[in-house]
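Undergrad: Sharing a structure, written as structure tokens. Questions coming.
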Amino acid sequence: MLNSPRTPRRAAASVLMLALLGAGAVAVPASARADTVRDAQMWVLDAVSAPSAWSVTRGQGATVAVIDSGVNPAVSDLAGSVTTGPDLTGVHTPPGNPNWGVHGTWMASLIAGHGHAGGGSGIMGVAPASKILSIRVVTDRHDPGYSAYEHESDGRVQNALARAITYAISHRADVISMSLGYGEPSTVVRSALQDALDHGIVVVASSGNSGNSGNVGPAGQAPYSFPADYPGVLGVAAVSRSGSPAGFSSDNLSVQVAAPGVNVPAQGRDGQYWLVSGTSPACALTAGVAALIKARYPGLAPARVVQAITSSTQDRPAGGYDNKIGFGTVDAAAALAAAAKAARQPGGQAGAATTLHFGGGAAAVRPVPITPRGAAGLVVASLFALAFLVATGLAGRRLLSLRRVLSRGQHAAYRPPPPVWPGPQVQATWPDRADPGPGAEQAVGSADPGGSRPAWPDPRP
Numbered sequence: 001m002l003n004s005p006r007t008p009r010r011a012a013a014s015v016l017m018l019a020l021l022g023a024g025a026v027a028v029p030a031s032a033r034a035d036t037v038r039d040a041q042m043w044v045l046d047a048v049s050a051p052s053a054w055s056v057t058r059g060q061g062a063t064v065a066v067i068d069s070g071v072n073p074a075v076s077d078l079a080g081s082v083t084t085g086p087d088l089t090g091v092h093t094p095p096g097n098p099n100w101g102v103h104g105t106w107m108a109s110l111i112a113g114h115g116h117a118g119g120g121s122g123i124m125g126v127a128p129a130s131k132i133l134s135i136r137v138v139t140d141r142h143d144p145g146y147s148a149y150e151h152e153s154d155g156r157v158q159n160a161l162a163r164a165i166t167y168a169i170s171h172r173a174d175v176i177s178m179s180l181g182y183g184e185p186s187t188v189v190r191s192a193l194q195d196a197l198d199h200g201i202v203v204v205a206s207s208g209n210s211g212n213s214g215n216v217g218p219a220g221q222a223p224y225s226f227p228a229d230y231p232g233v234l235g236v237a238a239v240s241r242s243g244s245p246a247g248f249s250s251d252n253l254s255v256q257v258a259a260p261g262v263n264v265p266a267q268g269r270d271g272q273y274w275l276v277s278g279t280s281p282a283c284a285l286t287a288g289v290a291a292l293i294k295a296r297y298p299g300l301a302p303a304r305v306v307q308a309i310t311s312s313t314q315d316r317p318a319g320g321y322d323n324k325i326g327f328g329t330v331d332a333a334a335a336l337a338a339a340a341k342a343a344r345q346p347g348g349q350a351g352a353a354t355t356l357h358f359g360g361g362a363a364a365v366r367p368v369p370i371t372p373r374g375a376a377g378l379v380v381a382s383l384f385a386l387a388f389l390v391a392t393g394l395a396g397r398r399l400l401s402l403r404r405v406l407s408r409g410q411h412a413a414y415r416p417p418p419p420v421w422p423g424p425q426v427q428a429t430w431p432d433r434a435d436p437g438p439g440a441e442q443a444v445g446s447a448d449p450g451g452s453r454p455a456w457p458d459p460r461p
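With the first letter of the sequence shown counted as 1, position 243 gets the number 243 in this note's numbering; the numbers rise by one all the way through.
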């Protein structure tokens, strides 16, 4: 599922060593020169044109709700930027446990990391001046409560996600980032997401890591992952450093855009730096782009933000869209420019008219001509009505005759077919239930969320 990690520009062992440990996530020694960490990260920032966007905004004033496994607010590159929300997992692992918040901290650093030592060292997120609201709904695999969480009912875990979304709404988040996936939709989650959209919140989710799982749907595509496939949610796929679709990235129609998702440097909850792969980091990077737009244009409606991001992509596929990378790779600077135009259009800002009219609107639509009926027209209509009544009567007589035949037992061998029951709405097995996130990502040592590929039971984001 993973490609080998790329070697940074400075490869000397005394400076930085990035060796493949297992698959997917690689620890960078804490003693490594932090500017080398930034060097290793620059290709990611450049790939989404983040530095060019920072001349317009760095995300100040925007809050991104990271619904994940928790975020450690004490790591150097997120210090002062994290507000800790509730733990809705149903387990009671303390935040001080080294296996708490592994995946969530990675994602938060890609959104709002501001570096340290004056900002010149460590991880810089796409929106480094934004804030993080951490809401914990899933556990990392080596979390002490993982087994208990794994056996919770599907209704319980979906309701927890809905409650997390509602919490983000009540605490005025501007963007919701969900690097997680569920195998089936949920009415309560969809309702909560609609409420978020109604409150002007942009919702971003990873489209899944099932691109090479062999578990394809009838159309030959990877299975859909929710919430990425809910209406109004911006689904994100992963691309490599070359811009090619990542082999593990799910290809289906939930994919709208793509972002780097192979060997992306991030800071872990242990303060070290990791290379992570999956549609999870791609989602987080795109959420950072959305945060930049909401910081600059806070009243811009979510649909306009999504339109600005999808209409301004780079490396667009032939024909303008495909189900591997959507409309192309996100471009933060171009998306801000598109958002500026959208903000000047009618309905772009919250509180303004949101109905879009095409072709001049209702005033430009001519009424349908109706020719007045004369006496001849009434006669024709009456004849049609009479013919309909006669046909109805004949059909009724036929049904009565058939009923008599059945009552005499001439078709006693007939039995109605048994009802076709599709089975449980959400399968009981964990892989089809909920995936907390790293998909292909794997860490090492005390922060390891899972062994060989995939790191989680279900190879989703």
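Positions of the beta carbon are idealized from the N, C-alpha and C atoms, including for glycine.
Assuming A160 contacts T89 (C-beta within less than 8 Å), just tell me the rounded distance between them.
TA: Contact flag correct, Cβ pair sits at about 7 Å.
Undergrad: Measuring alpha carbon to alpha carbon, tell me which residue in S55, A290, Q41 and A338 is nearest I176.
TA: Residue A290 is the option with its Cα nearest to I176.
Undergrad: Which first and last residues belong to the beta strand (DSSP E) in which H116 is found?
TA: Segment H114 to H116, the beta strand (DSSP E) holding H116.
Undergrad: DSSP three-state label for G181, please.
TA: Here G181 sits in strand by DSSP.
Undergrad: Let me check one thing: in DSSP terms, what residues is D87 bridge-paired to?
TA: Per DSSP, R136.
Undergrad: Express the C-alpha separation of D195 and N263 in angstroms, rounding to a whole number.
TA: Each residue's Cα considered, the two are about 35 Å apart.
Undergrad: By the 10 Å Cβ neighbour count, where 16 or more other Cβ atoms means buried, how is F388 classified, buried or exposed?
TA: Per the 10 Å Cβ criterion, exposed.
Undergrad: Identify every residue that forms a DSSP beta bridge with D322.
TA: Partner(s): G326.
Undergrad: With which residues is K131 paired in a DSSP beta bridge?
TA: Per DSSP, T63.
Undergrad: Express the C-alpha separation of A318 and T84 in angstroms, rounding to a whole number.
TA: Their Cα atoms are separated by approximately 43 Å.
Undergrad: Between the Cα of S240 and those of S134, I165, S277 and V257, spot the shortest distance and give me the residue it belongs to.
TA: Cα-wise, what sits closest to S240 is S277.
Undergrad: Just mark H151 as buried or exposed, buried being the case when its beta carbon has 16 or more other beta carbons within 10 Å.
TA: It counts as exposed.
Undergrad: Apart from the five residues just before and just after T63, which ones in its own chain have a Cβ nearer than 6 Å to its Cβ?
TA: The answer, listed in chain order, is K131, L133, A173 and D174.
Undergrad: Keeping to the same chain, check which residues put their C-beta closer than 8 Å to that of L78; ignore five residues upstream and five downstream.
TA: Closer than 8 Å at Cβ, skipping near neighbours: V71, N72, T105, A108, S109, A112, G113, H114, I132 and Q267.
Undergrad: What number of angstroms, rounded off, separates the C-alpha of S121 from the C-alpha of Q345?
TA: Each residue's Cα considered, the two are about 40 Å apart.
Undergrad: In whole angstroms, give me the CA-to-CA distance for T286 and D39.
TA: The straight-line gap from Cα to Cα measures roughly 21 Å.
Undergrad: Applying the 10 Å Cβ sphere with the 16-neighbour rule, what's the burial state of V233?
TA: It counts as buried.
Undergrad: Alpha carbon to alpha carbon, how far is F384 from K294? Give it in angstroms, no decimals.
TA: Straight-line Cα distance between these residues: approximately 60 Å.
Undergrad: Using only alpha-carbon positions, find the residue among H92, P265, T166 and D331 that is nearest to T36.
TA: Of H92, P265, T166 and D331, the residue nearest in Cα terms is P265.
Undergrad: I'd like to check one pair, V202 with V305: are the Cβ atoms closer than 8 Å?
TA: Contact: yes.
Undergrad: Leaving aside the five residues before and after W43 along the sequence, list all residues of the same chain whose C-beta is less than 7 Å from its C-beta, in chain order.
TA: Closer than 7 Å at the Cβ level, and outside the excluded window around W43, lie R241.
Undergrad: Taking the alpha-carbon positions, what's the R433 to V189 distance?
TA: In this predicted model, R433 has a pLDDT of only 34, less than 50, meaning its place in the structure is not dependable; the value taken from the coordinates is given anyway. Answer to the nearest angstrom: the Cα atoms are 14 Å apart.
Undergrad: Please report the straight-line C-alpha distance between A53 and A238, rounded to a whole angstrom.
TA: Rounded to the nearest angstrom, the two C-alpha atoms are 21 Å apart.
Undergrad: So, at 8 Å on beta carbons, what are the nonlocal neighbours of P245 in its own chain, with the 5 sequence-adjacent residues on each side left out?
TA: Cβ neighbours of P245 beyond the five flanking positions: G211, A237, A238, V239, D251, A258, K324 and I325.
Undergrad: Under a Cβ-count criterion, where at least 16 other Cβ atoms within 10 Å of its own Cβ denotes burial, should T187 be classed as buried or exposed?
TA: Flag for T187 reads exposed.
Undergrad: Should A332 go down as buried or exposed, given a rule of 16 or more other Cβ atoms within 10 Å for buried?
TA: Buried is the call here.
Undergrad: Look up S210 in the DSSP assignment and say whether it is helix, strand or coil.
TA: Note: S210 maps to coil in three-state DSSP.
Undergrad: With DSSP as the reference, please indicate the residues paired to Q314 in a beta bridge.
TA: Q314 pairs with T329.
Undergrad: Using the beta-carbon count (16 or more within 10 Å), is H103 buried or exposed?
TA: Buried: at least 16 other Cβ atoms inside 10 Å.
Undergrad: Once DSSP output is grouped into helix, strand and coil, what is the label at Q158?
TA: Looking at Q158 - three-state DSSP - the assignment turns out to be helix.
Undergrad: Give me the residue from D68, V330 and H171 with the minimum Cα distance to L45.
TA: The shortest Cα separation from L45 among D68, V330 and H171 belongs to V330.
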